[in-house]
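To start, the structure itself, in structure tokens.
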């Protein structure tokens with residue numbers, strides 16, 4: 001189900017709690033997150049659960065390396081990063097673009113929707129999207 005986008009800076013600034021993909025409530029949040037991302041696909045390539053009013057460490061993003069499929073991550077954590085650079089980013093919860101420091105390559109651990117732990121390497125724009133959404137989970141706003 002598509003959910004409204006949260007724009008409250010105080011709410012978005014609070015860190016999110018770990019999520020359990022085997023918990024039906026967290027699985028429903030993930031499904032709503034995907035539906036909301038798809039509804040805003042023209043303006044958005046990634047979302048975190050707090051953007052739909054849920055303080056859970058769940059993100060969804062469009063993975064161009066997988067032909068634009070939406071990937072969901074529970075409790076994503078950057079384990080390694082290199083290649084720092086400065087960029088400008090927009091956010092569906094905020095107006096305009098803002099400066100951000102990102103890494104061109106990251107290694108991320110996370111849980112899949114089935115509860116399996118994964119570690120993947122991401123580069124370029126996909127890495128940038130995932131960093132932005134993990135920042136949301138941490139209560140960090142660009």
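Numbering (the UniProt record's numbering), first residue to last: 1 to 142.
Beta carbons are placed, not taken as given, at the ideal position from N, Cα and C, and that holds for glycine.
- Annotation: the continuous alpha helix (DSSP H) that includes residue 32 extends over 24 to 39.
- A direct Cα-to-Cα measurement between residue 6 and residue 35 gives close to 15 angstroms.
- Distance check between residue 112 and each of 57, 46, 139, 126 places 57 closest, using alpha-carbon atoms only.
- Under the three-state reduction of DSSP output, residue 4 falls in the coil class, being neither helix nor strand.
- For residue 77, the closest C-alpha among the options 9, 100, 84, 133 is that of 133.
- At a Cβ-Cβ threshold of 8 angstroms, residue 19 and residue 75 count as neighbours.
- Excluding five sequence positions before and after residue 97, the CB atoms of its chain that fall closer than 8 angstroms to its own CB belong to 88, 89, 90, given in chain order.
- Beta-bridge pairing by DSSP links residue 122 to 106.
- By the CB criterion at 8 angstroms, residue 110 and residue 73 fall inside the cutoff.
- Taking C-alpha positions only, residue 24 is separated from residue 30 by approximately 10 angstroms.
- For the 8 angstroms CB-CB criterion, residue 127 and residue 104 form a contact.
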